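All remarks here apply to the structure that follows.
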Amino acid sequence: MNAPLPTAMLHALEHTDLDPGETAEWREAFLALVAAQGPERARHMLDELARLARAERVGWQPGLNTPYVNTVAVQDQGVFPGDLAIEERLGSIIRWNALAMVVRANQAYGELGGHIASYASAADLFESGFNHFFRAREGLGAGQHRGDLVFFQPHSAPGVYARAFLEGRLSEQDLMHYRQELTAPQAGAQGLSSYPHPWLMPDFWQFPTGSMGIGPISSIYHARFMRYLTHRKLLDCTGRKVWGVFGDGEMDEPESTSALTLASREGLDNLVWVVNCNLQRLDGPVRGNGRIIDELERLFAGAGWNVVKLVWGSDWDGLFARDLTGALVRTLEATVDGQMQTFAAKDGRFNRDNFFGQNPELAALAQGMTDEQIDRLKRGGHDLVKIHAAYAAAAAHKGQPTVILAHTKKGYGMGQAGQGKMTTHSQKKLDDGDLIEFRNRFNLPLSDAQATGLAFYKPQEDSAEMQYLRAHRQQLGGYLPRREAACDALPVPPLASYAQFALQAAGKEMSTTMAFVRMLGGLMKDAALGPRIVPIVADEARTFGMANLFKQVGIYSSVGQRYAPEDIGSVLAYREALDGQILEEGISEAGAIASWTAAATSYSVHGLAMLPFYIYYSMFGFQRVGDAIWAAADQRARGFLLGATSGRTTLGGEGLQHQDGTSHLVAATIPNCKAYDPAFAGEMAVIVDAGMREMVTEQRDVFYYVTLMNENYAQPDLPPEAHEGVLRGCYLFNSYQRSPDGREGPISSKRVTLLGSGAILTEVVKAAELLAAEGIAATVLSVTSWSELARDGQACEQRALAGDAAPGVPWLAQQLAGTHGPVIAATDYVRAVPETVRAFVPAGRRYLTLGTDGFGRSDTRAALRSYFGVDAEHIARVARQLMA
Ligand SMILES: Cc1ncc(C[n+]2csc(CCOP(=O)(O)OP(=O)(O)O)c2C)c(N)n1
Ligand SMILES: [Mg+2]
């Protein structure tokens, strides 16, 4: 969608030319064609020439870069629909309050931190969106807009607070408690979180972006999930957009760019990214020796995105128009970002001498301008008119996602104190002179005393500014960001209706993975809940025996299935469909978890509760994408993560990089994650049932992590009285005692208690049988969740410390109360997992943990369990030693 460039710019792009005369003839012919027959014919001719060039193998490749100028040509800009003067005044006020908020916090407490320079560069990009594009949710009723999704650059949060202050959504007291969430309530204020954190500000922030890279990938999968909802006819999301403002430095995160081709492949024209190209990151230039805008243009264009470059402000239009020799474009194209940053950091005089002074043509261009005017030449991302034109082009673009590459200055307007300075990212102190200069720079109606005193400024309610701000937000559906949680509560079918086979397994052999997949198949048939289930896999459905679901519910594809699958006649046929239910994400755990997050937060983002089950190799979860799970927790996700083929010895031959011995350790560190390691299908069924109720019926902001095994073994019945224990973390599984002659005998004086979880519970049971045969009575507790046991124990402890007269007895202690002897705990995870409950083992009882510390390796399960010391033999030996 590149607009024609003035002829002069074409001159600028000339290469070394062996026959300029001939070149001129070709050029004239082409220009004549454009003039006479228009761009369509010209494009046709170029296509034809390109085809010929390829056929003749001349080795020509089309470049992906366009000239270093705005994509939207001046003549295509359209009329700016706002009041520029008012918007600029509003922008200045918001800039000021954002700055004042950060400087104040740091004057009071130097340790609080915060950022000024990022928002200073992004302010106009945000404000254009707020005034003209970002739609808020009107409501959940028919015909009401459910709102755009807006991802904000995290360290620009002060600007979003400053706007909410003008909107009357935050008070001056709130602004004074930026980054002071604990102290704020004492002053009757709301603390403002450092970055967008829905966990900390659940009525405000929707999307956590504080960890670079997670916002970008998340925005793509949210946009795709909206398509999924629409195609499955669950919710019509047409007309809603996902906007994301991200940093140019942030684009270096692998997550940022890893799903670009998914966005274009899916034709996500509901997605617009604005990359704030202030040319700097924290330490220095993003690409000092190159140009980040060029690099990103090639990357995004190559990935199939619509690229809109927003490089220069309106006051450059005249310069380009007067530049008949192309010197300006040529010079800009020869200027690397490190140098551009220096130009940003210096004054008008310096720029006249060192930029425009580079050659006589440029010097002539600058002749009519004062140093002040040169200093104020705006980059595209600071010009509200140009920004509006770029956003409008992006919003109207069909068939592709759009990225707007917005050229800005980091620390814009911070003058000597920070604009374009290497250290500007962390600048949060401004002296009186700097503050006065900033006030002057943005014409703020503040006295010297108010400026140096960092007074917040809010125009009168009846002022033109406030009326403008309110009217524009009203037109766009209300204020934003605003997180909501209202959604429909979903009924969960009775457990027996889909899991009877697991509860009364009667010794049938199966793995917990098989049981889970069978249950999932049953649940998806439930008329109410079924359609809301979102099964997600990262190219491992066959590994987990889920291929039957392909045919049953289909794999989501935005284009249906355009081929006859090889296995078309089979009951397991690979069926893709527009209304397919399974999200098959391919080999991208980062993508799959982003997808899961989109589904798991649908209740809030769309007002429609969905229930995702993402099943994956447990090793590639918390270890591989732990930070993304942490962000999902922040976003108050509700759904199931199923860590399949779990355990360090149970996966068998797969070895060091596949065998997970730690995921439960990490899961335990996430406050709203409930993690379970059930041994049996019945336990798993009870956990899934409770989880569904808690999340979609009671609507609590928790998510469940359940590990599943691929080992087949006999599945016992689960008695109803065990259900509570399963959910609380452990229950009495069985007691084993025999007299030496092999008959059931009286209680031996030698007694031991064994705790086991997951696949190792079967080893524990075998150990108990071995011990019983030797006259040592063994009681076995099945531990379904170490972390729930630990949390419960800690809660009792906390209550006791707080002076509660009835703090309660930890569940583990209660369960151990009727048992005897030393306690031995064994798991397929590192010892640190069972160590987390040590404090809640009754006093005087020896507690010994067995686990799988060290690197995994390949061998049979038996050999691995022997090696790590978690097999029945080893457990029994340890018990004997403790008896002796
Ligand atoms: C995963 C991650 N790594 C590092 C950081 C620390 N960090 C915060 S902002 C920033 C620089 C951001 O630069 P850029 O994306 O260009 O944004 P700008 O401030 O320049 O607008 C860094 C390194 C982070 N927040 N997340
Ligand atoms: Mg940057």
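Just so we're on the same page, this note's numbering is the position in the sequence shown counted from 1, plus 507. We put the beta carbon where it would ideally sit given N, CA and C, even for glycine. Model, not experiment: these values are computed from the prediction.
SER763 sits in a helix when the DSSP states are folded into three classes. Less than 8 angstroms separates the beta-carbon of PHE1362 from that of LEU1163.
Between GLN1222 and GLY1263, the C-beta spacing is not below 8 angstroms. Around the beta carbon of GLN1322, 16 or more other beta carbons lie within 10 angstroms, which makes this residue buried. For the 8 angstroms CB-CB criterion, MET1216 and GLY1265 form a contact. THR915 and VAL815 do not touch by the CB rule: their CB atoms are close to 15 angstroms apart, not below 8 angstroms.
Looking at the DSSP output, PHE827 bridges to nothing. For the options VAL667, PRO574, PRO709, VAL892, the alpha carbon positioned closest to that of VAL1112 is the one of PRO709.
Secondary structure note for SER1289: it is in no alpha helix (DSSP H), and the uninterrupted beta strand (DSSP E) holding it is 1284-1290. The DSSP-derived three-state label of MET683 is coil. Per the DSSP secondary-structure output, TYR1123 pairs in a beta bridge with GLY1150.
Between MET1031 and ASN1219, the gap from beta carbon to beta carbon reaches 8 angstroms or more.
Sequence-distant Cβ neighbours of ALA924 in its own chain, meaning closer than 6 angstroms and more than five residues away, are LEU937, ASP941.
Within 10 angstroms of the beta-carbon of ASP844 lie 16 or more other beta-carbons, which makes it buried. Runs of the beta strand (DSSP E) lying entirely within the stretch 1284-1341, each at least 3 residues long, are 1284-1290, 1330-1333 in chain order. For ASP681, the distance from the CB to the nearest heavy atom of ligand 2 is not below 7 angstroms. Burial state of ILE601 is buried, judged by a 10 Å Cβ sphere holding 16 or more other Cβ atoms. If you check the CB distance, LEU1277 and ALA1383 come in under 8 angstroms. Here the stretch 1054-1065 does not lie against the stretch 1130-1146, with fewer than 3 beta-carbon pairs under 8 angstroms apart.
When the alpha-carbon of ILE1043 is set against those of ALA1013, LEU1090, ASP882, the nearest one is in LEU1090. In the DSSP assignment, the residues bridged to MET1017 are TYR1220. It is roughly 17 angstroms from the alpha-carbon of LYS893 to the alpha-carbon of ARG596. Annotation for SER821: no beta strand (DSSP E) segment contains it, and DSSP assigns it neither H nor E.
Inside the stretch 619-685, DSSP marks whole beta strand (DSSP E) runs of 3 or more residues at positions 656-658, from first to last along the chain. At a cut-off of 7 angstroms, the beta-carbon of ASP822 does not count as near ligand 2: no heavy atom of the ligand is closer than that. Residue environment for SER625: buried (at least 16 other C-beta atoms within 10 angstroms of its C-beta). Here the C-alpha atom of LYS965 lies approximately 6 angstroms from the C-alpha atom of LEU673.
DSSP lists VAL1044 as the beta-bridge partner residues of GLU1091.
Assigned with DSSP and collapsed to three states, HIS704 falls in coil, not helix or strand. At least 8 angstroms separates the beta-carbon of THR1152 from that of ARG1368. Three or more beta-carbon pairs drawn from the stretch 601-620 and the stretch 928-936 are found closer than 8 angstroms, and the two stretches are therefore classed as touching.
A Cβ-Cβ distance of about 5 angstroms is found for the pair VAL1377 and ILE1267, placing them in contact under the 8 angstroms criterion.
Fully enclosed beta strand (DSSP E) runs of no fewer than 3 residues are not present anywhere in the stretch 526-595. Annotated as distal: GLY1154 and ARG642, with beta-carbon spacing of 8 angstroms or more.
Contact between ILE1122 and LEU1149 holds, since their C-beta atoms are separated by about 4 angstroms, short of 8 angstroms. Distance between GLU679 and LEU987, taken at the CA atoms: about 18 angstroms.
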